[in-house]
Amino acid sequence: MNKEQQTIHEFDLNIIYDFFSNTERQGPGSPEETLKALSFIGGLTKNSKIVDIGCGTGGQTMVLGENTQCKITGVDNWPDFINKFNQNAQVKNLQDRVKGIVGNMENLPFQEEELDLIWSEGAIYNIGFERGLNEWRKFLKQGGYIAVTENTWFSEQRPTEIQDFWQKAYPEIDTVANKVAQMQKAGYLPIATYMLPETIWTDYYAWQKLRRESFLKIHEGNKAIERFVDSMQYEAELYDKYKSYYGYMFYIGKKIKI
Ligand code: SAH
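The opening residue of the sequence shown carries number 282 in the numbering used here; numbering runs sequentially from there.
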């Protein structure tokens, strides 16, 4: 990577962090949906270990912390998010059981068969759904669970505009049937699969709209920021137009012998 590219790359990361750091969540999701997914997980005790991968500032992790007695580790590769995460845990008085660490989901620092539950909302796409399910499986005990959200096509056919957009943004986007088959193939029994409500996106994009406006004001005349904001606005407009064709699904699986 040459010097110029690296600078731009770093600058972009800073823009994204700056944009998203002051919100409870960095992706579509809600406490209600986190709790619903948690209701499918059996057998958690105070000795159980949960890892939340791509935890961001920990909106969903704190919900897990408040509704279980487990030891929970949040992992994110963005140190500033992890700092906020640990502050949030402290504010909620969960710091003895809920800890954030800086780490890469492609190279996680856990032992084989150490974990009872792997959680990941709005983040597995960074490694890819299939690869994440396959690589993370070794960290789970037999009978342990995985719960992830993933962008999914609702229909077999889609209009070209939205097909092309997501094909470029996330080529692994696929239908529910294919995602469930991937989960089974990776060595999990699919326990539950369901659609997250449209409101998790509309709330997320409504927040984004307000943030975009103030962000542009703060950074007036900054072309890189304008491009970043435009691309997010385009994604939000596409969602509004094509939301019957795609959205987030929760996929919950139980590690079985293969
Ligand atoms: N789970 C949170 C955040 C979702 S945004 C929520 O639902 O609100 C996706 C997160 O994945 C970001 O916080 C980003 O920093 C993190 N991430 C991206 N690539 C990663 C990687 N390779 N390893 C660990 N975390 C990563």
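Positions of the beta carbon are idealized from the N, C-alpha and C atoms, including for glycine.
| Item | Value |
| --- | --- |
| Extent of the continuous alpha helix (DSSP H) to which Y523 belongs | K504 to Y523 |
| Segments assigned beta strand (DSSP E), at least 3 residues, entirely inside the stretch 410 to 436 | 421 to 434 |
| Chain B within 9 Å of Q341, Cβ atoms only | In the structure shown, chain B does not exist; there is a single protein chain. |
| Distance, P471 Cα to E313 Cα | 21 Å |
| Counted within 10 angstroms of its Cβ, other Cβ atoms place Q463 as buried (16 or more) or exposed | buried |
| Where the alpha helix (DSSP H) containing S495 begins and where it ends | T480 to I499 |
| Coil, strand or helix - G324 by DSSP | coil |
| Other residues of its chain near E394: CB distance less than 6 Å, five sequence neighbours each side excluded | K422 |
| Secondary structure of T342, DSSP reduced to three states | helix |
| DSSP bridge partner residues for S302 (one or two, in chain order) | DSSP lists no partner for S302. |
| Rounded separation between M282 and A505 - CA only | Summary for M282: the model assigns pLDDT 37, below 50, so the residue's position carries little reliability; its value from the coordinates is reported in the next sentence. Going from the Cα of M282 to the Cα of A505 covers about 20 Å. |
| Helix, strand or coil at K538 according to DSSP, with G and I counted as helix | coil |
| Meets three-Cβ-pair contact criterion under 8 Å: the stretch 382 to 389 and the stretch 319 to 327 | no |
| For N432, the nearest candidate out of F446, G425 and Y426 (CA to CA) | F446 |
| Pick from P478, E387 and Y523 that is closest to M530, judged by C-alpha positions | P478 |
| Cβ-heavy atom distance, W434 to the ligand SAH, below 8 Å | no |
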